[in-house]
Structure formats: structure tokens, C-alpha cells
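Chemist:
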Amino acid sequence: MKTLFILIAMIAMMNSSDKETIYQFQVKDIQGNDFDFASLKGKKIMVVNTASKCGLTPQYEKLEALYEKYKDKNFVIVGFPANDFMSQEPGSNEEIESFCKMNYGVSFPMMSKISVKGKDMHPVYHFLTEKDKNGLEDSKVEWNFQKYLIDENGHLEKVISPRIQPDHESITSWIEK
341 MKTLFILIAM IAMMNSSDKE TIYQFQVKDI QGNDFDFASL KGKKIMVVNT ASKCGLTPQY
401 EKLEALYEKY KDKNFVIVGF PANDFMSQEP GSNEEIESFC KMNYGVSFPM MSKISVKGKD
461 MHPVYHFLTE KDKNGLEDSK VEWNFQKYLI DENGHLEKVI SPRIQPDHES ITSWIEK
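All residue numbers for the sequence shown refer to the numbering used here, where the first residue is 341 and numbers rise by one.
1) Kindly list the residues whose CB is nearer than 6 Å to the CB of Ile500, restricted to its own chain and excluding five residues on each side of it in sequence; keep chain order.
2) Please classify Asn474: does DSSP put it in a helix, a strand, or coil?
3) How should Asn355 be labelled, buried or exposed, when 16 other C-beta atoms within 10 angstroms of its C-beta is the threshold for buried?
4) Runs of 3 residues minimum, wholly inside the segment 384–471: which ones carry the beta strand (DSSP E) assignment?
5) Ordered along the chain, which non-local residues of its own chain (more than five positions away) have a Cβ less than 8 Å from that of Ser357?
6) Going by beta-carbon coordinates alone, are Lys384 and Glu492 separated by less than 8 Å?
7) Give the single residue among Glu509, Pro502 and Glu516 whose Cα lies nearest to the Cα of Val387.
8) Helix or strand or just coil, what does DSSP make of Glu360?
9) What first and last residue would you give for the beta strand (DSSP E) that runs through Ile490?
10) If you count every other CB in all the chains shown that lies within 10 Å of the CB of Lys441, and 16 or more means buried, which is it?
11) Please look up how many angstroms separate the CB atoms of Ile515 and Phe415, rounded, as I've assumed it's under 8 Å.
12) Look up Ile500 in the DSSP assignment and say whether it is helix, strand or coil.
13) Would you check if there are 3 or more beta carbon pairs closer than 8 Å linking the segment 430–449 to the segment 459–468?
14) Pick out whichever of Asn389, Asn433, Lys381 and Glu429 has its Cα sitting closest to the Cα of Asn373.
15) Where do the ends of the beta strand (DSSP E) carrying Phe375 lie?
Structure representation (C-alpha cells):
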């Protein structure tokens, strides 16, 4: 019986250490350059899917303010434009980048446009939405501006509804802890 308990404990430890991290992913930024999530080790990360023609688009302003406030405190926002909800991000990467800079002064890292749901879902979003990959929970991207909070070790910690503003206490307290 003792041997069985030890075996079960060892398997549980192996499974917990095998949990995937965001650091395994390399993507293209909005200018087409390689972006390696491993470069963010030791930082808290907010991953957010964005759109330029959405009722929630003004969240860019609060995202940028949050980034400016905490970027020197081991926090980064990574934006992923996506056209998955009512075609609210129809532009090219160049158009999206111009829109974000001109209208909201976005300076946090923006990636190339991807899909965050469906059969062509990007691997980063498989990680974010599938418990067997992220070790936390299954989730579904509800709409534009859904937020995924990743801890300093690259593990998913929280999923935040698109309707929750970027400066909400549930997010700022997580950054500050």
C-alpha cells in the first residue's frame, strides 16, 4: 500500500511539472518580426485579443495606461488582433498598427493578426483555453478584449471577461501582488 501511495505521488508530481508554459511559443509581431515569449520570463503577462471596430475598442486607452503604469514593474501586455467576432478587425497588420498608435498611442507589444477560436485557432490560444495544456481551466474566448493573466513562471493564473476594464481592481491587485 505504501508503494502504491508513493507511485501515485510521483505521478502527480510529474504531471504538475509537465504543465505547459507560454514560454514555448514564438509568434510574429505586428511588423512581421519574430517574438519569443521566452523573452518575457520573470514578468507577469496579460494576453488580450483586440479589434479596432468593436464597442470595446476604447479599452485600448486603459490597456495603454495600465502598461505605462506597470511596465517597469515586470509587467507586459501582449495584444493579438483577431477578426473572429463579427469581422471587427478587418484591417491588415499595417492598418491595425497605424490605428492603434494614432488613436490610442499603443506602445505595448502587438502581434500579427491571428484567429483566437475555431478550426484555425492559433496554438497560443489553444494553450490559453485548454486545461490539459494550461493546467488551470478550459475557457472560451467570449469576445474581443478577453484577458488572460500569466504569472512570472509562464503559467495561466486568471481569465478575465472582455467586459471587465483593464484597470479593474481584480487586474491591478494581481499585478501588484
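For every residue, glycine included, the Cβ atom is placed at its ideal position computed from N, Cα and C.
These figures come from a predicted structure and were not determined experimentally.
Modeler: Working from what's here:
1) Lys487
2) helix
3) Confidence at Asn355 is low in this model, with a pLDDT of 49, below 50, so its placement is unreliable and the value that follows should be read with caution. Per the 10 Å Cβ criterion, exposed.
4) 384–390 and 415–421
5) The predicted position of Ser357 is uncertain, since its pLDDT is 48 and thus under 50; a value taken from the coordinates is nonetheless stated next. Hits under 8 Å: none found.
6) yes
7) Pro502
8) coil
9) Lys487 to Ile490
10) exposed
11) 5 Å
12) strand
13) no
14) Asn433
15) Asp374 to Asp376
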